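Residue numbers (this note's numbering), protein chains in the order written: chain A, 26 to 281; chain B, 17 to 337.
Glycine is no exception: its CB is placed at the ideal position from the N, C-alpha and C atoms.
Computed from a predicted model, the values in this text were never measured in an experiment.
Below: the structure, in structure tokens.
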Ligand SMILES: Cc1cc2nc3c(=O)[nH]c(=O)nc-3n(C[C@H](O)[C@H](O)[C@H](O)COP(=O)(O)OP(=O)(O)OC[C@H]3O[C@@H](n4cnc5c(N)ncnc54)[C@H](O)[C@@H]3O)c2cc1C
Ligand SMILES: Nc1ncnc2c1ncn2[C@@H]1O[C@H](COP(=O)(O)O)[C@@H](O)[C@H]1O
């Protein structure tokens, strides 16, 4: 049976206000609302699509974080077979991706998958992507920016995106790790009732991450909010007033 | 270790990508602080002429039939050999479909650090990065080891890295590339049957703030009234609400309309990459901190659904009158 491992993570919701910790060198994580990394959600979807098409066992692994159980149960509701929560992480300090990659590689080696899928990028990613690092540690090829995968024997056929809509159809020898940009079909929604049902039937395995390094190898001198060189001229007032102002802007531009 | 700053030159279908010039400009700044030279690594097949317009001191040229198309496996093997030979102070990669397949993987392999999302080298020689979709900046120092840097556009103009030709060209013996695990089977060209948004004068752009597929119609009405075309950010396209031909940004198209009216788009760096050529950007977003306001000429901080109806009315009135 084809084994697929998906690495999925929760990341800060960037629509919220982001704050910098008193150290001035890290994000204040205590206030962050976490959501699934969008591209990881696509990776889960792509794994389920492959499973539905040609059969596979799908394992979703996620580092512990507030809300991770919900994410894992909802993956199970979509069709994931095995759920693993990586525990023992420091709540305050984010481990370096490299140490997280080492820990994950150890765990994934045991599973011995044909395919590792992960999001092409995490929105808060301060470090290198996890996918390529895990791939290197397991001596697998890595290809990112993928928007569709099918398996044919010992080869993955994957579409890699280039700017402007150009695609390259890649042939990648398995086992391999792919960074998913978009799944073939938009990620499905699952009914809350189905997720609830998983809470009582599915099992989340807890596996310790072991000792993880939280010190980066280079020094962050300073973390700060961007100073906008020229901030937009804000149109103020009621919606009616703003609509009128915008309309006259459009007139001035000669667009009406 | 040398003090030289290396740049992995990217090219697609015979053309040097803008990011290569941008990285060259950044490498020049960094080399000034580190006291080294700027060295380009140019891999491919029959690509020697691509070096001519790059403001590099030196080029390391690796040519091989299997380097013709980008294969992360072939490029990684070759780059590892180059780094083993020359031991650079720092190496720039694009935060692109090519560079990102290499940089983190090489960082893991070499056990060296990687600084992501670099947009600029600061006056102090620090690596300035833009993270969290453009909402947070960091200044970082190179580590003691060779440091990899993954670069996004925005901080340098491509012209700043143009010049050349480089003083020296060093032909590098490409290592064994047999049994490649990653190969290109074919390229699939984009569908050109839809409108070409890069040529449109008026664009109404919708982002995740539009919330549902049904709401697209509202934005379409506004676009129609303005004689414009609808386009979108990536999440809208990935949901299948508009065709891929309407995608604006890094993986889509760069546009240059007279008016870019964005509705519910946050302004992530990957999106902004595609709109810098716009004459006038108007941004509607309910989040006062949305990075799109940093590039817009006019900003409107309201719920877009409260604005569209009055706006349609006012525009109709203005057109009728
Ligand atoms: C390799 C790679 C390539 C990418 N390429 C592209 C690309 O080519 N193009 C692209 O666009 N993205 C691209 N992305 C994705 C990019 O990183 C962002 O995720 C994306 O641009 C965000 O889209 P958005 O602004 O629509 O959504 P969000 O970031 O979720 O923003 C939605 C915004 O809408 C606002 N909003 C919500 N409701 C309302 C309302 N009722 N009224 C007003 N405002 C509202 C919110 O305040 C928020 O700012 C790429 C990402 C990667 C990793
Ligand atoms: N652009 C960046 N800005 C700030 N911190 C970063 C950046 N890139 C990497 N880091 C940090 O570097 C450390 C080590 O990264 P790595 O070597 O990839 O494991 C982590 O603690 C990251 O938080």
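Between residue i and residue j, is the Cβ-Cβ spacing less than 8 Å?
i, j, result
"residue 340 of chain B", "residue 168 of chain B", "With chain B covering 17 to 337 only, the question about residue 340 of chain B has no answer from this structure."
"residue 123 of chain A", "residue 100 of chain B", "no"
"residue 118 of chain B", "residue 109 of chain B", "yes"
"residue 141 of chain B", "residue 46 of chain B", "yes"
"residue 111 of chain A", "residue 87 of chain A", "yes"
"residue 170 of chain A", "residue 45 of chain A", "no"
"residue 271 of chain B", "residue 209 of chain B", "no"
"residue 146 of chain A", "residue 64 of chain A", "yes"
"residue 161 of chain B", "residue 128 of chain B", "yes"
"residue 198 of chain B", "residue 166 of chain A", "yes"
"residue 17 of chain B", "residue 251 of chain A", "no"
"residue 295 of chain B", "residue 272 of chain A", "no"
"residue 76 of chain A", "residue 104 of chain A", "yes"
"residue 183 of chain B", "residue 85 of chain B", "no"
Using only alpha-carbon positions, find the residue among the options that is nearest to residue i.
i, options, result
"residue 264 of chain B", "B:204, B:253 and B:173", "B:253"
"residue 238 of chain B", "B:55, B:323, B:113 and B:73", "B:323"
"residue 138 of chain A", "A:262, A:181, A:200 and A:212", "A:200"
"residue 185 of chain A", "B:116, B:248, B:72 and B:96", "B:116"
"residue 95 of chain A", "A:61, A:68 and A:75", "A:61"
"residue 50 of chain A", "A:214, A:119, A:146 and A:224", "A:119"
"residue 20 of chain B", "B:175, B:38, B:188 and B:75", "B:75"
"residue 207 of chain B", "B:269, B:157, B:120 and B:129", "B:269"
"residue 99 of chain A", "A:214, A:241, A:273 and A:172", "A:214"
"residue 262 of chain B", "A:188, A:245, A:271 and A:198", "A:188"
"residue 56 of chain A", "A:274, A:39 and A:70", "A:39"
"residue 32 of chain A", "A:59, A:85 and A:75", "A:85"
"residue 234 of chain A", "A:154, A:71, A:228 and A:133", "A:133"
"residue 227 of chain B", "B:276, B:320 and B:69", "B:320"
"residue 247 of chain A", "B:138, B:97 and B:43", "B:138"
"residue 143 of chain B", "B:29, B:216, B:42 and B:192", "B:42"
"residue 58 of chain B", "B:50, B:31 and B:49", "B:31"
"residue 310 of chain B", "B:326, B:188 and B:283", "B:283"
"residue 274 of chain A", "B:326, B:314, B:149 and B:90", "B:314"
"residue 266 of chain A", "B:24, B:241 and B:317", "B:317"
"residue 306 of chain A", "A:195, A:245, A:108 and A:54", "Nothing in the structure corresponds to residue 306 of chain A, since chain A is present only between 26 and 281."
Give me the chain A residues within the contact set of residue i, using Cβ-Cβ distance strictly less than 9 Å, ordered along the chain.
i, result
"residue 49 of chain B", "In chain order: nothing, as chain A lies at least about 14 Å away."
"residue 274 of chain B", "278, 279 and 280"
"residue 269 of chain B", "188, 189 and 190"
Is DSSP giving residue i helix, strand or coil here?
i, result
"residue 167 of chain B", "strand"
"residue 243 of chain A", "coil"
"residue 220 of chain A", "helix"
"residue 102 of chain B", "helix"
"residue 180 of chain B", "coil"
"residue 167 of chain A", "strand"
"residue 219 of chain B", "strand"
"residue 228 of chain B", "coil"
"residue 230 of chain A", "strand"
"residue 62 of chain A", "coil"
"residue 293 of chain B", "coil"
"residue 61 of chain B", "coil"
"residue 107 of chain B", "strand"
"residue 84 of chain B", "coil"
"residue 114 of chain B", "coil"
"residue 202 of chain B", "strand"
Run down chain B in chain order and give the residues with a C-beta less than 9 Å from the C-beta of residue i.
i, result
"residue 259 of chain A", "304, 309, 314, 315, 316 and 317"
Applying a beta-carbon distance threshold of less than 7 Å, which residues of chain B neighbour residue i?
i, result
"residue 53 of chain A", "The contacting residues do not exist; residue 53 of chain A stays about 11 Å from chain B at best."
"residue 267 of chain A", "316, 318 and 323"
"residue 197 of chain A", "197 and 198"
Who pairs with residue i in a beta bridge, going by DSSP?
i, result
"residue 27 of chain B", "B:32"
"residue 154 of chain B", "A:248 and B:145"
"residue 22 of chain A", "In this structure chain A extends from 26 to 281, so residue 22 of chain A is not present and cannot be described."
"residue 278 of chain B", "B:221 and B:299"
"residue 187 of chain B", "B:77"
"residue 268 of chain B", "According to DSSP, residue 268 of chain B bridges with nothing at all."
"residue 131 of chain B", "B:165"
At a CB-CB cut-off below 8 Å, which residues of chain A make contact with residue i?
i, result
"residue 322 of chain B", "264"
"residue 226 of chain B", "Residues of chain A passing the Cβ test: none, with the nearest at roughly 14 Å."
Show which residues of chain B have a CB atom less than 8 Å away from the CB atom of residue i.
i, result
"residue 250 of chain A", "151, 152 and 153"
Below 7 Å on C-beta distance, what does residue i contact in chain C?
i, result
"residue 168 of chain A", "Of the protein chains in this structure, namely A and B, none is chain C."
By the criterion of Cβ-Cβ separation under 7 Å, what are the contact partners of residue i in chain A?
i, result
"residue 191 of chain B", "Simply none; closest approach about 16 Å."
"residue 205 of chain B", "191"
"residue 31 of chain B", "Per Cβ cutoff of 7 Å: no residues; residue 31 of chain B is ~11 Å from chain A at best."
"residue 120 of chain B", "153, 154, 157 and 158"
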